[in-house]
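S.K.:
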Amino acid sequence: MNADAWILLVCLVSIAVLLNWLPLWRRSSLWFGVTVAPDFRNTPEARRVLRQYRIEMWALSLIAGLLLRAGVRGEAAWMLAAGPFLQTLGAAVAFARGRNRTRPYARRPDGARAASLASASEGLPGGPAGVVAPYAILAAAAIFLQANWLRLPNRFPIHWGIGGTPDRWAERNWRGVDGPLLAGLMVIALLHVLGYMIVAASPRGRSAETADWTARFRRANLRLIVGMGCTLAVLFAVLALNPYLARGDALAVPAWLMVGAVLAVTAGFVWPIVRISQEPGSGSDGTPDECWKLGQIYYNPNDPALLVEKRFGVGYTINFGNRASWLLIGLVVLIVLVPLLL
Amino acid sequence: MTHAAQIRIDLDSAAPVNRQIVDQLRTLLVEGAVAPDDTLPSVRRLAIDLGVHFNTVADAYRTLADEGWLEIAHGRGVRVRKRQAPRRDREAQEETLLIFRRRLRQLAAEMRAQGLSPEIVVRELASLMEVVKS
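Structure below.
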């Protein structure tokens, strides 16, 4: 196998390991997206559901690995894309099957709800400085590039293959030079929009007993968003400065270092969320089970929340029953499309 | 001013949610857990936290505003007003007292029917008396 194949294989195995543990990162009264008794996870039935999910997920990951191997060998190019797709889709199907197996043990969610009468606005961690910092980093990079415009090469690489070989170039014009900064700006703006949406349009806790847990979970998620904003700003600034810093077609900062740094920072912010999600006594999330389609898609027109906690994986997901959710999806599509169209 | 008071509702209860919110908030206001000039969460915020429709919370806030407890200012949130109990003539006071007695008897009977002993009911009434006095 060549270097490309090894990198893809490592990614595939890493994702499989993540998917192996993902069902355990949830509130204590949820199991495979179903509201259950808090101690259900210790029962033989719960362990059997988890075991079957893991068998199915690893079997599909193995098939995905074989497809990837065939794709790398050049047997069929579509197999390269089909491998990761099969793994992701397969995990979603395995989770939905686990949910069906858990349903007989479902417990009717408690109708009791509680809300704090505190009216103070939460805000994002780090205050205005935490929000402004990523934009300041991007702006500083843009000013530096503008000041050193003539020192930039006329043509430089802007995209590299998995093995580090450049496969796309740009000319020295605003689109080529400032393109990475603009892309970074869009991604960071989206992160901040999501952060403000969590603050303004997700429940601060619907149960008095778990209000503290919910507050800590929200805070950890918001810290991840603010932290990733700063990290991505540095990443995009480094990429934008590459034509100035690099010699030849190589990356000035090795790809493994950039990817490793982003992964390390992400892990540092995600780990507290994982720890919080494994604490006992976190109850349920106050959303009805029947509104979760396949255990992952939340559709509840009667719930005014725009974002709710995920039931598979950490973080928040959209309430597709809220009409404003389509505006948010439109914004995401726009942010993905604009850099592609530029 | 912010405060840690909480509002609790039960979606499984036979009582409409907006009435539960009104009853809870009124209790907190009368007992002083929420003081004049405090700001309450916006309609949107409370509806999202409780997982109920915006109109349910808006109705509850309007009812309390009509009773003189709250001041709803668009864009500036919901503020608790200083409120004096309305003056009543003797006849109106007698009528209110009759309603109070009837509800109290109904509630005591309901609690006893659900298994609470007369001693517990009396103890709770005494404890309520202390709260009202203070």
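Protein chains in written order, with the working numbering: chain D, 131 to 472; chain W, 637 to 770.
Backbone N, C-alpha and C fix where the C-beta goes; we use that ideal spot for every residue, glycine too.
Only a predicted model underlies this, so the values are computations on that prediction, with no experimental measurement involved.
In the DSSP assignment, find the alpha helix (DSSP H) that holds W:Leu752 and state where it starts and stops.
M.R.: Counting along the chain, W:Leu752 falls outside any alpha helix (DSSP H), and DSSP gives it neither H nor E.
S.K.: Should D:Val262 be labelled buried (16 or more other beta-carbon atoms within 10 Å of its own) or exposed?
M.R.: The residue in question, D:Val262, is exposed, as its Cβ has fewer than 16 Cβ neighbours within 10 Å.
S.K.: I need the straight-line Cα distance from D:Gly256 to D:Gly359, nearest angstrom please.
M.R.: Going from the Cα of D:Gly256 to the Cα of D:Gly359 covers about 12 angstroms.
S.K.: Report, in whole angstroms, the separation of the C-beta atoms of D:Arg281 and D:Ile288, which I expect to be a contact under 8 angstroms.
M.R.: That belief does not hold up - the Cβ atoms of D:Arg281 and D:Ile288 are roughly 17 angstroms apart, past 8 angstroms.
S.K.: Compute the Euclidean distance between the alpha carbons of D:Leu476 and W:Val714, then round it to the nearest angstrom.
M.R.: One cannot answer for residue 476 of chain D here, as it falls past the ends of chain D, which runs 131 to 472.
S.K.: Can you find the residues in the same chain that come closer than 8 angstroms, C-beta to C-beta, to W:Trp678, ignoring five residues on each side of it along the sequence?
M.R.: The residue asked about is misnamed: residue 678 of chain W is Ser in this sequence, not Trp. Same-chain partners within the cutoff: Gly713, Val714.
S.K.: Could you run through the stretch 246–260 of chain D and flag, in chain order, every residue whose CB is less than 7 angstroms away from some CB of chain W?
M.R.: Those would be Ser246, Leu247, Ala248, Ser249, Ala250, in chain order.
S.K.: Using a Cβ-Cβ distance cut-off of 8 angstroms, determine whether D:Arg336 contacts chain W.
M.R.: So, interface residue.
S.K.: Can a CB atom of chain D be found closer than 8 angstroms to the CB of W:His710?
M.R.: Taking Cβ atoms only, chain D never reaches closer than 8 angstroms to W:His710, which makes this a no.
S.K.: Measuring alpha carbon to alpha carbon, tell me which residue in D:Phe442, D:Asp240, D:Arg349 is nearest D:Leu424.
M.R.: The candidate whose alpha carbon is nearest that of D:Leu424 is D:Phe442.
S.K.: Consult DSSP for D:Glu252 and reduce its assignment to one of helix, strand or coil.
M.R.: It is coil, neither helix nor strand.
S.K.: Can you tell me where the alpha helix (DSSP H) holding D:Arg177 begins and where it ends?
M.R.: 174–202 is the extent of the alpha helix (DSSP H) around D:Arg177.
S.K.: Which chain W residues are close to D:Asp433, counting only those with a beta carbon under 7 angstroms from its beta carbon?
M.R.: Gly687, listed in chain order.
S.K.: To which residues of the same chain is D:Asp433 closer than 8 angstroms at the C-beta, ignoring the five residues directly before and after it?
M.R.: Once the five neighbours on either side are set aside, the close Cβ partners of D:Asp433 are Thr417, Cys421, Asn449, Gly451, Asn452.
S.K.: Of all the CB atoms in chain W, is at least one closer than 8 angstroms to the CB of D:Gly357?
M.R.: No, its Cβ sits nowhere closer than 8 angstroms to a Cβ of chain W.
S.K.: Check the Cβ-Cβ distances between D:Arg237 and every residue of chain W, and say whether any is below 8 angstroms.
M.R.: Cβ-Cβ to chain W under 8 angstroms: no for D:Arg237.
S.K.: So D:Val444 packs on D:Asp415, CB below 8 angstroms; how close in whole Å?
M.R.: No, D:Val444 and D:Asp415 are not in contact; Cβ-Cβ is about 13 angstroms, not under 8 angstroms.
S.K.: With 16 as the cutoff for other CB atoms within 10 Å, does W:Met765 come out buried or exposed?
M.R.: Exposed: under 16 other Cβ atoms inside 10 Å.
S.K.: Using a beta-carbon distance cut-off of less than 9 angstroms, what residues from the stretch 658–685 of chain W approach chain D?
M.R.: Against chain D - using a Cβ distance shorter than 9 angstroms - the residues of the stretch 658–685 of chain W are Leu661, Leu664, Ala669, Val670, Asp674, Thr675, Leu676, Pro677, Ser678, Arg680, Arg681, Leu682, Ala683, Ile684, Asp685.
S.K.: Taking Cβ positions, are D:Gly195 and D:Leu254 nearer each other than 8 angstroms?
M.R.: No, the Cβ-Cβ distance between D:Gly195 and D:Leu254 is not below 8 angstroms.
S.K.: Output yes if chain D places a C-beta closer than 8 angstroms to the C-beta of W:Ala749; else output no.
M.R.: Cβ-Cβ to chain D under 8 angstroms: no for W:Ala749.
S.K.: Can you tell me whether D:Tyr429 is helix, strand or coil according to DSSP?
M.R.: Correct three-state label for D:Tyr429: coil.
S.K.: Tell me the DSSP secondary structure of W:Pro652 in three-state form.
M.R.: Note: W:Pro652 maps to coil in three-state DSSP.
S.K.: Please confirm if the stretch 223–233 of chain D is in contact with the stretch 333–352 of chain D, defined as three or more CB-CB distances below 8 angstroms between the two stretches.
M.R.: No, the stretch 223–233 of chain D does not touch the stretch 333–352 of chain D.
S.K.: Going by DSSP in three states, D:Pro434 sits in which element: helix, strand or coil?
M.R.: Reduced to three states, the DSSP call for D:Pro434 is coil.
S.K.: Pair every Cβ in the stretch 343–355 of chain D with every Cβ in the stretch 395–402 of chain D, then say whether three or more of these pairs are closer than 8 angstroms.
M.R.: Touching, yes.
S.K.: For chain W, check one thing: does any of its Cβ atoms lie closer than 8 angstroms to the Cβ of D:Ala242?
M.R.: Yes, because at least one Cβ of chain W sits closer than 8 angstroms to the Cβ of D:Ala242.
S.K.: Nearest CA to the CA of D:Pro214: which residue from D:Leu393, D:Leu142, D:Ala345, D:Ala313?
M.R.: Taking only the C-alpha atoms, the option nearest D:Pro214 is D:Leu142.
S.K.: Provide the residue span of the alpha helix (DSSP H) that contains D:Asp308, from first to last.
M.R.: First-last of the alpha helix (DSSP H) with D:Asp308: 304–331.
S.K.: Could you check whether the Cβ of D:Gly163 sits closer than 8 angstroms to any Cβ belonging to chain W?
M.R.: D:Gly163 does not count as touching chain W.
S.K.: What are the boundary residues of the beta strand (DSSP E) that includes D:Gly416?
M.R.: It is not in any beta strand (DSSP E) - D:Gly416 carries neither H nor E in the DSSP assignment.
S.K.: So which residues on chain D does W:Asp648 lean against when the C-beta distance must stay under 7 angstroms?
M.R.: By Cβ distance, chain D contributes Gly241.
S.K.: I want to know whether the stretch 726–736 of chain W touches the stretch 684–704 of chain W - three or more CB-CB distances under 8 angstroms.
M.R.: At 8 angstroms Cβ cutoff, the stretches do not touch.
S.K.: What's the C-alpha gap between W:Asp648 and W:Gln742?
M.R.: In a straight line, the C-alpha of W:Asp648 is about 21 angstroms away from that of W:Gln742.
S.K.: Does the CB of D:Pro333 have a neighbour CB from chain W at under 8 angstroms?
M.R.: For D:Pro333, the answer is yes, since a Cβ of chain W falls inside 8 angstroms of its Cβ.
S.K.: Do D:Phe274 and D:Pro310 have their C-beta atoms closer together than 8 angstroms?
M.R.: Against a cut-off of 8 angstroms, the Cβ pair of D:Pro310 and D:Phe274 comes out as no contact.
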